[in-house]
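Participant: Sharing a structure below in structure tokens format, with a few things to ask.
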Amino acid sequence: MASRSWTEIDLDAYALNLSELRAFLHSNQALMQIVKADAYGHGAWEISRRAEQEGVAWLGVANAEEGAVLRYRGIELPILVLSPSLIDEIGLLRDYNLVPTLSDLDFARAWSSACGDNPGVAHVNLDTGMGRSGVAPENAHDFLNILHELPGLVVDGVFSHYSASECDDDFSRQQLARFERLVRSLPQRPRWVHIANSPAAVTQPDHLTNLVRLGLLSYGIYPDDSLRQRINLRPVMTFKTTVSMVRRVSRGASIGYNRTYTATRDHSYAILPVGYADGYDFLLSGKGVVLLHDRLCPVLGKVSMDMTTIGLDDDMSVKPGDEATVLGAGHEELRAEKLAARYGGNPYELLCQLGRRARRYYRQDGRVVASTPLARREFHAPDFSDDGLDRVIEASISQRLQSKEIAALLYDKLLKYFFADHDRDIHYRRDFRHTLTFSDDPSQPDHWLTRTKLEFHKRLQAGRFVVACATNPAMLERYFTRRDCEYRWLLDDKLTLDSRWFEVTGVQVNDLELDIESRLVNGCIEIGCSHPSMESLVGEEVSFRIDTRTYYPRRSHQLSVFITEPTQGVDVSFHCPPESISQVQVVPVFAGRTRFPHIKSTPGCHTVSTDPDEWVLPNSGIVFTY
Ligand SMILES: *Cc1c(COP(=O)(O)O)cnc(C)c1O
């Protein structure tokens, strides 16, 4: 994990926390995992995926956009948007199949009419003492009656929210009683009824509700110390960094902005590349502690934007590169609750902010199973530029394969190759048959007379294409990237570029015998092939046949054939006089699923073939060595 700073998210700890919490619930209570604010800084997508595997029934997010990003990445669980949505967000809510929370009539009306013929599913938030966004209890009946009249609107759930379930049992009991009265007085009970957040799952068991919304406790953090006696949870997040520098300060000198720390003795200190821009709160200035070499080291002076200074004991030998733990890793003093308490902050906030500049690593079964790139929080459906998409595709492949190298290879060598011009279609060939035949020509003792026959099916791109021949590979090179070139031949450089040594003897598209015109362009023979009737075939899959006659040097002892486009079904054969060439070794170098095609050798004929429906990828080839 080579980074300056990074977070580690322990997905097994998360799953254990879920099962600890489940032990407090009734068998008919399902779970809603709250993944708002990027799952309290743990990664909304990764937590949602694990939650799905752990049998969680719902996800909760803060706004439509958070939900849309999860949908975009393939999450299918029902998603409730907990905060009031804006009318402007209705399009996103509808397009991404998100369930809004209703507590306002104007919004409810807009939601009902925007859904048209589809059901406008929603949950209603009733205030029972939170005093924030819910419908006031005295208005609840009227509100629900009006909703009942709105076409298409489906109230699938009613819920409320505790104000202080982690520390005020009396008030929470009052809230529950109020909610119970409201729910029991409804003419029709919605499918989902919920009130508990994660502390209430432990402190306020109830027989009324069938869904529990789990946030902070599922991430292993206690919002109140009293909960520690009741449930045993593990922090899911650890934040680590690396010492970037070690220095000494002399007695009387100060460290950092505004000279808030003055050394009372000579001592060493270390610089950590973490500051308030990384979420290490400015208020931890002079108050925080960091674990280094199993020792808690104090933060000296003010936390800067990008750096924090910690004091070292005289017997410590710290060097740049040593790992330091800022949060978590099972150390009591580094729990989010403790660290937040040091500056009068709150652990919810600390989790959301800490590590926002760092890469995240996900652990499962003791192994790192995934990492999220830094730019992940820009991952956002509407602004996919081509560059953005490139990065996303590459990152997704690397997550899938869990190997950066293989992903880079696949991406750069294959996908990018095809999609480099984003509007370019992929060209492929089918039923590719290539036959190369050597025979003696007594007038040319140094060369084999060589006839080639190439046949394949392909969608016709234009009313004209070319065949190219050169004596110099660099000259031929550019015909490999030209889309209008269907065949290339590298001629022995002892021969001259003219039709005595390379000639196209026939070209057909379907039944059309094409007109051929040959010219010399920049050291290449370029043979244009066309027919007046070809234009009408453009866009259709047609059969190609190209025959050539040329000469191949006898001094060479190998002949190579390349596959330059994705090709379905390959059959390449090399014919040679068996009395002169008795031993032929056939070496296919195939990319694609078929790495070992069929090879058939009889005296004078050597064939490499795949099943007709097998795909062979570009950059494949066959070498006949003799
Ligand atoms: C954030 C939130 C929760 C989760 O609360 P925790 O205290 O983190 O368990 C539950 N319900 C609603 C409506 C929320 O906004």
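So for the sequence shown, the numbering used here puts the first residue at 99; every next one is plus one. Glycine residues also receive a C-beta, built at the ideal position from the N, C-alpha and C atoms.
1. Assuming Tyr367 and Gly419 make a contact with CB atoms under 8 Å, what is their CB distance in whole Å?
2. Taking the continuous alpha helix (DSSP H) assigned at Ile145, which residues delimit it?
3. Mind checking Gln681: buried by the 16 CB within 10 Å criterion, or exposed?
4. Go ahead and label Pro321 buried or exposed: buried means 16 or more other beta carbons lie within 10 angstroms of its beta carbon, across all protein chains shown.
5. Under the rule that 16 or more other beta-carbon atoms within 10 Å means buried, what is His704, buried or exposed?
6. Quick one: using the 10 Å Cβ neighbour count with 16 as the cut-off for buried, is Met335 buried or exposed?
7. Using CA coordinates, which residue listed in Ala212, Arg454, Glu663 is at the minimum distance from Thr104?
8. From the DSSP output, read off the bridge partner residues of His124.
9. Can you look up Asp108 in the DSSP assignment and give me helix, strand or coil?
10. Nearest-angstrom Cα distance between His140 and Asn126?
11. With 16 as the cutoff for other CB atoms within 10 Å, does Tyr355 come out buried or exposed?
12. Which value, in whole angstroms, describes the spacing of the CA atoms of Arg311 and Ala438?
13. Which residues are close to ligand 1, meaning CB closer than 5 Å to any heavy atom, in chain order?
14. In the DSSP assignment, the beta strand (DSSP E) including Glu553 goes from what residue to what residue?
15. Give, in chain order, every unbroken run of the beta strand (DSSP E) that is at least 3 residues long and sits entirely within the segment 262-305.
16. Taking only the alpha-carbon atoms, compute the straight-line gap between Leu499 and Trp599 and give it to the nearest angstrom.
17. Starting from Met228, trace the beta strand (DSSP E) in both directions and tell me its first and last residue.
18. Let me know the secondary structure DSSP gives Tyr650 once reduced to three states.
19. Leaving out the 5 sequence neighbours to the left and right, which residues in its chain are closer than 7 Å to Tyr374 when beta-carbon positions are compared?
20. Would Val565 and Ile625 be called neighbours here (beta carbons separated by less than 9 Å)?
21. Do you know whose CA, among Val233, Asp204, Trp156, lies nearest Asn195's CA?
22. Less than 9 Å separating the beta-carbons of Ile644 and Thr550?
23. Can you tell me whether DSSP reads Gln500 as helix, strand or coil?
24. Cα-Cα, which of Cys265, Asn115, Ala505 is closest to Leu331?
25. Based on the DSSP secondary-structure assignment, which residues constitute the bridge partners of Phe257?
26. For Asp240, I'd like the list of residues in its chain whose CB is within less than 7 Å of its CB, leaving aside the five on either flank, ordered along the chain.
27. Do you know offhand how far Ser101's Cα is from Thr339's?
28. Can you say whether Val706 is buried or exposed, counting buried as having 16 or more other CB atoms within 10 angstroms of its CB?
29. Do Leu390 and Val347 come within 9 Å of each other at the CB atom, strictly closer than that value?
30. My assumption, with CB atoms under 8 Å, is that Arg528 sits in contact with Phe554. Please give the rounded CB distance.
31. Along the chain, where does the beta strand (DSSP E) containing Gly667 start, and where does it finish?
32. Taking the alpha-carbon positions, what's the Ala208 to Ile185 distance?
33. Does the Cβ-Cβ distance between Ala299 and Leu119 come in under 9 Å?
34. With DSSP as the reference, please indicate the residues paired to Glu624 in a beta bridge.
35. What is the residue span of the beta strand (DSSP E) that Asp529 lies within?
36. Under the three-state reduction of DSSP, which class applies to Ala137: helix, strand or coil?
Facilitator: A quick look at the data gives this:
1. Contact flag wrong, Cβ pair sits at about 16 Å.
2. 142-151
3. exposed
4. buried
5. buried
6. buried
7. Before going on, a small fix: residue 104 reads as Trp here, not Thr. Of the listed residues, the one whose Cα sits closest to Trp104 is Arg454.
8. Partner(s): none; His124 has no beta bridge.
9. strand
10. 28 Å
11. exposed
12. 23 Å
13. Ile132, Leu180, His259, Asn295, Ser296, Arg311, Gly313, Leu314
14. 545-557
15. 290-292
16. 49 Å
17. No beta strand (DSSP E) holds Met228; DSSP gives it neither H nor E.
18. strand
19. Phe380, Val401, Met403
20. yes
21. Trp156
22. yes
23. coil
24. Asn115
25. Asn223, His292
26. none
27. 8 Å
28. buried
29. no
30. 7 Å
31. 665-673
32. 7 Å
33. yes
34. Ala566, Arg617
35. 527-537
36. helix
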